[in-house]
Every structure is written in structure tokens, then in C-alpha cells.
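Everything below concerns the one structure shown next.
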Amino acid sequence: MDLRLDAISVVTDGRSLVSGLSLDVSDGQVVGLVGPNGSGKSTALRCVYRALRPSSGTVWVGEQELTRLPLRRSAQTVAAMTQDGGVDFDFTVGEVVALGRAPHLRGNQALSGRERELCERAMDRLDIGHLAHRGVLTLSGGERQRVLLARALVQEPEILVLDEPTNHLDVRHQVELLSLLRESGLTVLVVLHDLNLAAAACDRIGVLSGGRLVASGAPAAVLTPELVGDVFGVRASVVQHPLTGGPQLLYSLDSTR
Amino acid sequence: MPPPSTSPPSARSGAAAADVVGLPPAAPAPTAGGRFATRGALLAGCAALTALLLGSVVVAIGLGPAVITPQETARHLWAALSGGRIGAGEVTTYQIIWQIRTPRVLLAALVGAGLSAVGVAIQAMVRNALADPFVLGVSSGASVGAVGVTVTGGLAALGIYAVSAGAFLGALAASLLVYAAASSRGALSPLRLVLTGVAMSLGFQAVMSLIIYFAPDSEATSLVLYWTMGSFGAATWGALPVVAVVVTAGVVTLWRYGRVLDVLSLGDETAASLGVGPDRHRKVLLVLVSLVTGVMVAVSGAIAFVGLVMPHVVRMAVGASHARVLAVAPLAGAVFMVWVDLAARTLVAPRELPLGVITALVGVPVFVALMRRRGYTFGGR
């Protein structure tokens with residue numbers, strides 16, 4: 119299912135966080151959103167998982183306007199892995215993952231056998247099966263990230279949005295998470311800090327700066343030394359990945375070289 | 002809505018659905034409930050607590066200035082319920098049991114159950130294990146409403162429900178006030194909420210004391226004590242039906258909100274992404290919680306810490322899932338309150354201790370232990 123952001127603007131307290139953002143994510147594509155801190159990446163994502171209503175503009179999922187769908191209905195289509203605030207209650211990992219089924223269940227309705235199996239598989243896929251009975255408060259940051267992704271997957275969405283999913287993850291789990299996204303067949307919009315991971319994992323990349331989309335396209339076309347210098351204020355050289363041929367950035371700490 | 006192009010149309014049913022998210026298809030089939038808490042254990046626990054509650058009620062009815070054995074108590078209760086006969090010499094005993102102690106003990110059980118359930122709901126709503134109706138000022142607000150109605154004779158059109166209605170309005174106003182004062186730009190910081198609640202709670206108590214002291218010919222001191230510390234001394238059969246209906250309906254409704262509370266306790270962003278509108282549900286819950294709290298405060302005064310301690314103890318036993326917590330906490334709270342009330346009226350007999358004295362002696366250490374708990378942070382701050 120396609121995800122289309124059409125001229126999204128978000129204004130809070132007279133401050134413009136996102137202005138006129140238009141971005142298409144075609145069915146099954148992985149699109150990365152990069153940009154410096156405070157450039158509006160998370161704000162744009164929040165409009166897609168409906169934590170925020172855009173001040174103007176429309177988010178389209180398939181042929182439908184997102185804000186016209188009941189919240190529950192859109193949660194059956196769009197799942198999110200967010201930068202989560204603290205949870206004060208010690209749910210087990212299994213319980214948190216199972217809550218991904220909430221949009222599909224009525225009231226306290228119990229999980230069906232199929233849904234339990236779905237949860238088991240998601241946990242095994244994300245390498246947290248052995249943690250199923252552990253309390254989430256006892257997990258490390260990286261383990262918690264994987265729990266949140268497992269929860270988003272058991273939601274059985276067609277569109278998945280992720281806000282810095284590789285935070286706290288070790289290298290192996292970063293690579294595994296991004297290859298999982300690529301293999302999932304889902305329509306993915308993901309905010310990433312690591313430009314090299316974004317280059318490796320995304321079909322297309324959108325670059326945000328000051329709430330505006332300043333570039334979008336294939337990683338090789340977007341991630342140029344000029345753009346990285348303009349947007350991030352960092353000197354970078356672009357080299358080809360020896361195995362994949364994709365663009366990789368090398369940063370210089372000394373601004374004169 | 003068409004299925005994703007990468008999977009066959011049947012992908013939404015059967016095990017094939019897992020392929021949609023790229024999960025390995027050959028995972029060994031788990032035994033049902035392997036990683037999920039069993040329903041049987043929960044039912045057994047509830048049955049045991051119900052038996053304990055019935056036993057506690059019978060024992061508590063028998064104890065007091067005139068001690069009556071549980072067998073005698075049970076016989077008299079059975080006679081009252083079934084319309085059976087008792088001897089002419091037993092009328093006094095019957096009166097003590099049926100007219101004085103039974104309504105009081107039943108009221109204690111109901112209020113204990115209600116306070117526990119409301120505590121669970123409030124904690125989930127504000128995502129803080131330190132919240133309860135008393136800490137957040139909801140109980141004190143209800144006291145102000147009840148006292149205001151009593152002293153001014155307002156809401157007289159509602160007859161015997163006037164005090165309950167006043168308490169409900171007071172509770173609702175208090176929770177809205179605390180909520181509005183604690184939230185900044187739509188975000189609700191747990192730390193601000195608890196601090197605001199504690200401050201408001203003291204403020205409401207001051208207002209209530211002021212009203213009582215300036216009211217004509219009132220027994221000010223004992224009234225203030227009643228409304229701030231709680232007592233079941235005024236229990237009558239007449240007060241029971243409203244409390245019974247509201248508390249029972251409230252507990253059942255909250256239980257039905259179990260999964261919604263689970264989702265809400267994960268945070269507003271997550272709740273929205275899981276299809277639960279945080280603001281809409283919080284409004285409904287706020288009204289529900291205010292209603293139950295108001296009705297309870299109207300008949301018992303504001304009793305502290307029960308709504309804080311019971312949810313925590315129950316969570317330690319059954320885990321955090323709210324459907325489970327809300328099945329067990331009301332029963333546990335009812336048992337606890339029956340014994341607290343028994344202690345209040347027998348420990349220093351013939352005088353009575355305010356309930357709040359006993360619940361605070363239990364609750365304060367638990368509150369401190371909670372604060373010091375490993376990994377506890379004020380919502381990450």
C-alpha cells in the first residue's frame with residue numbers, strides 16, 4: 119500500500135516544525151528520512167502514526183485520507199516503532215508484544231492461537247524469544263528497541279514507520295533490523311541518523327532541513343559531499359562500498375581537510 | 002483494502018500471515034499459553050480471594066464490643082437472608098449483627114474494592130505507580146464537594162443523593178484542575194502530576210476545614226477528622242444500594258477497559274499508534290473514576306493509600322496486565338478494608354481510630370519503598 123505525504127505542515131505554538139513536506143513511499147519501498155536534530159523528522163512521522171494532526175496537508179494511505187479513518191482502523195494499517203517514553207509498569211516482554219494485536223481485538227478479548235503464534239514468531243525473529251517472561255523494565259535499551267519492533271510487526275500492518283529504530287542497537291542487530299525491514303515487503307518510512315546505514319538500507323532518501331524537504335531520491339543521488347556540507351555542516355567524502363557499490367560517507371574531523 | 006502485493010490474498014488468515022512481515026515460517030508451534038499467563042491460575046486466585054472475603058466478612062461482623070462466634074454470626078445472617086426464625090432471647094444479638102455491623106462491614110468491603118480499582122485506573126491513566134485518588138487530590142476534592150453540599154444545603158432537589166452528587170462534582174472538578182495544572186502543552190509529566198496533586202490535596206483539605214469551622218453549630222473537629230481520615234461509623238443499610246451499584250458497575254467497566262489501560266500506560270504516542278485515542282479514553286475514565294470516588298467519599302470520607310497500596314501488591318502477584326490486576330485488586334482491596342475497619346473499631350475500643358491512620362501506617366512504607374525501587378524514575382526524569 120502506498121503512503122503519500124501531501125504538503126504536510128505542522129505549526130505548534132506559532133513555531134513551524136514542518137512546512138510543505140511532500141513525500142511518496144510506494145508499495146513495498148523503504149524510504150529513509152534524514153536530517154539534523156530538530157529538522158522535523160519525528161514530527162513528520164508523528165503525523166503518519168496519528169500522534170499529531172498536521173496543521174495543513176494530507177496523509178494518504180492507499181486511496182484513503184488518514185485522518186478520515188477511525189483511529190483503530192488506521193492502526194490496523196499503519197504500525198509505528200516510536201521513541202518511547204518511560205513505562206512505569208513491569209509488563210513482560212510477551213505482554214508488550216501481544217499488545218500489538220490491540221487494534222484487531224475488542225475489549226479484553228483473548229488472543230487466538232494464530233495470534234499467539236504470530237507473537238512467538240515475531241519474538242524469535244527479533245531474537246527476544248528467550249526474554250518473553252522478562253519484565254520490560256529490566257531490559258537493556260537495545261533489547262527494548264527490538265521488543266517495540268516485534269510489537270509493531272504483530273500489528274500486521276501494511277505500512278511501518280520507525281523513528282530511529284537503530285538507537286541503542288549493537289552493530290549486528292542494526293544490520294539485522296534493517297535487513298528485516300528490506301525483506302518484510304512492507305511499505306516503510308524510517309527516520310535514521312546514520313547516513314551510511316540509510317544509504318545501505320533505503321530505496322530512496324528524503325533529507326529534511328528546518329522542516330523542509332531539501333532533497334529526495336536514490337541514496338547515490340542525494341548523499342553528495344555538497345549536500346552533507348550544506349545540511350549537516352560536516353565535511354564528507356563519498357566512496358563506493360567495495361561489495362555493494364552503494365555510496366558510503368567518510369567524515370573528516372578536521373574542517374580544513 | 003487490498004492485501005499487500007507481496008503476499009497471496011489469503012495472507013490475512015492462517016499461519017501464512019507471518020510471511021507478511023518476513024518471519025520464518027518453520028517456528029515450532031508453541032503450546033497454548035506457554036509464554037502467556039494462564040487463565041486457570043487467575044480464576045483459582047479470584048475464587049480463593051472471594052472465599053477469604055466471605056470468611057473475613059463473617060468474622061468481622063462477629064467481632065466488636067460484643068463478641069459473637071463466626072458460627073453464630075453465620076446462623077443469624079442466614080436467618081436474616083432466608084427469612085428464618087431466631088429465638089426471642091436473641092433479638093439483641095440479631096440487631097447488633099444485622100442492623101449495626103453488617104451494613105458497616107459490607108460498606109467497608111465495597112469501598113475497599115472501589116478504591117483499589119480506581120487506584121489501578123488512575124495509575125494507568127497517568128502512567129505513574131505513585132498515583133491514587135488521594136495523592137492526586139481527587140478524594141479531597143470530593144470531600145470539599147460533600148461538605149459544601151452538607152453545609153449549604155445545595156443540590157437539595159436530589160434528596161438523599163445530594164451529598165453523593167456533591168462529592169462527585171467535587172471529585173470531577175478536582176481531577177480536571179489537577180490535570181490542567183499539571184499538563185504543559187499537551188504533555189503530562191508524571192512528576193508534575195504527583196507534585197500538583199499533593200499540593201492540591203492539601204489545598205482542598207484546607208478549604209474543607211475552613212467550610213466546617215465557619216459552619217454554624219457543627220462538631221468541627223470530629224467532622225474534619227471524618228472527611229480527611231475516613232470512617233465507616235455512619236454506615237446504614239440506606240447508604241448501601243447507591244454505593245453497591247456504582248462501585249460494582251465502576252469495577253466491571255474498568256475491568257472491561259483492561260486492554261485500553263494496558264495501551265494507555267505505554268504512553269500517548271504508542272497508544273495512538275495502537276488505535277487508542279489517549280485523550281478520548283482519558284476523559285471517559287476521568288468521569289468514571291470521579292463518579293466512583295465521589296460516591297465512596299460521600300459515605301466513608303477520604304481514605305488514603307488504599308488505592309496506592311493494593312494495586313502495587315496485586316501487580317507483584319499477578320503482573321502488570323490490567324485485565325488481570327482489575328480482576329484481583331477489587332477482591333484484595335475488599336478483604337484489606339474489612340480488616341482495616343475491624344482494627345479501627347476494636348484496637349482502642351470503645352474509641353474508634355480514623356481509618357486513614359491505619360491505612361497510612363501501612364501505606365507510607367509502601368510509598369517510600371516504591372520510590373526507592375530499583376529502576377524507578379519519574380517517567381524518565
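So the sequence lines, in the order shown, correspond to chains A and B.
Residues 119 to 375 in this note's numbering are what the first sequence lists, from first letter to last.
Residues 2 to 382 in this note's numbering are what the second sequence lists, from first letter to last.
Beta carbons: idealized from backbone N, C-alpha and C, even for Gly.
Among all the DSSP beta bridges, which residues are the ones paired with residue i?
i        : result
Ala345/B : According to DSSP, Ala345/B bridges with nothing at all.
Met126/B : In DSSP, Met126/B forms no bridge with anything.
Glu183/A : Trp178/A
Tyr369/A : Ala354/A
Ala109/B : According to DSSP, Ala109/B bridges with nothing at all.
Ile323/A : Gly150/A and Gly335/A
Leu170/A : Its beta-bridge partners do not exist; DSSP assigns none.
Leu123/A : Leu141/A and Val177/A
Ile277/A : Val196/A and Thr305/A
Gly253/A : Thr210/A
Arg330/A : Ser327/A
Ser134/A : Val129/A
Chain A beta carbons: is any one of them nearer than 8 Å to that of residue i?
i        : result
Arg1/B   : In this structure chain B extends from 2 to 382, so residue 1/B is not present and cannot be described.
Phe37/B  : Low local confidence applies: a pLDDT of 44 at Phe37/B is under 50, so the model's placement there is unreliable, with the coordinate-based value given in what follows. Output row for Phe37/B: interface = yes.
Asp133/B : no
Ser57/B  : no
Ala273/B : yes
Arg76/B  : no
Arg260/B : yes
Asp449/B : There is no way to answer for residue 449/B, as the model of chain B reaches only from 2 to 382.
Quick one: which chain A residues come within Cβ less than 8 Å of residue i?
i        : result
Ser322/B : Phe209 and Glu213
Ala130/B : Asp206 and Phe207
Quick one: which chain A residues come within Cβ less than 9 Å of residue i?
i        : result
Val277/B : Leu189, Arg190, Ala193, Ala220 and Pro221
Phe266/B : For the sequence presented, residue 266/B should be read as Ser rather than Phe. The contacting residues are Val205, Asp206, Phe207 and Phe209.
Is any beta-carbon of chain B found at less than 8 Å from that of residue i?
i        : result
Val205/A : yes
Gly328/A : no
Arg168/A : yes
Gly225/A : yes
Leu217/A : yes
Thr161/A : no
Ala354/A : no
Express the C-alpha separation of residue j and residue i in angstroms, rounding to a whole number.
i        : j        : result
Leu255/A : Val264/B : 16 Å
Gly320/B : Arg243/A : 25 Å
Val279/A : Asp120/A : 13 Å
Gly23/B  : Val196/A : With a pLDDT of 48 at Gly23/B, under the threshold of 50, the modelled position of that residue is not reliable, and the figure given next carries that caveat. Rounded to whole angstroms, Gly23/B to Val196/A spans 17 Å at the Cα level.
Asp281/A : Leu170/A : 14 Å
Leu371/A : Arg353/A : 8 Å
Val127/B : Ala299/B : 25 Å
Pro66/B  : Pro331/B : 29 Å
Leu266/A : Leu257/A : 12 Å
Leu217/A : Gln292/A : 24 Å
Trp247/A : Thr210/A : The sequence as given places Gly at residue 247/A; Trp does not occur at that position. Distance between the alpha carbons of Gly247/A and Thr210/A: 12 Å.
Val214/A : Val177/A : 28 Å
Ser355/A : Asp245/A : 35 Å
Asn226/A : Val349/B : 45 Å
Ala200/B : Leu371/B : 20 Å
Val59/B  : Thr74/B  : 6 Å
Gly364/B : Met311/B : 9 Å
Tyr95/B  : Val341/B : 24 Å
Leu331/A : Gly153/A : 9 Å
Leu64/B  : Ile97/B  : 11 Å
Leu131/B : Leu356/B : 20 Å
Ile304/B : Gly260/A : 42 Å
Gly41/B  : His313/B : 22 Å
Taking 7 Å as the line, does the beta carbon of residue i fall inside it for any heavy atom of the ligand FAD?
i        : result
Ala125/B : What this structure holds is no ligand at all, so the ligand FAD is not there to describe.
Who are the neighbours of residue i on chain A, taking C-beta pairs under 7 Å?
i        : result
Asp280/B : The contacting residues do not exist; Asp280/B stays about 11 Å from chain A at best.
Name the chain B residues that come within less than 9 Å of residue i, Cβ to Cβ?
i        : result
Ala319/A : Here the premise fails: no neighbours, minimum Cβ distance about 14 Å.
Quick one: which chain B residues come within Cβ less than 7 Å of residue i?
i        : result
Thr200/A : Glu270, Thr271 and Ser274
Ala197/A : Ser274
(message) Within 8 Å, do at least three Cβ pairs link the segment 265-284 of chain A to the segment 238-248 of chain A?
(response) yes
(request) Count the CB pairs spanning the segment 107-115 of chain B and the segment 253-263 of chain B that are closer than 8 Å, and state whether there are at least three. (result) no
(request) For the segment 181-191 of chain A and the segment 303-312 of chain A, state whether three or more C-beta atom pairs, one from each stretch, are separated by less than 8 Å. (result) no
(request) Say whether the segment 324-332 of chain A touches the segment 144-163 of chain A, bearing in mind that this needs 3 or more beta-carbon pairs closer than 8 Å, one atom from each stretch. (result) yes
(request) Flag this pair as touching only if the segment 118-138 of chain B and the segment 170-185 of chain B have three or more C-beta atom pairs under 8 Å; answer yes or no. (result) yes
(request) Report yes or no: do the segment 218-234 of chain B and the segment 270-289 of chain B share at least 3 C-beta pairs separated by less than 8 Å? (result) no
(request) Check whether the segment 291-309 of chain B touches the segment 234-249 of chain B, taking contact to mean three or more Cβ pairs, one atom from each stretch, closer than 8 Å. (result) yes
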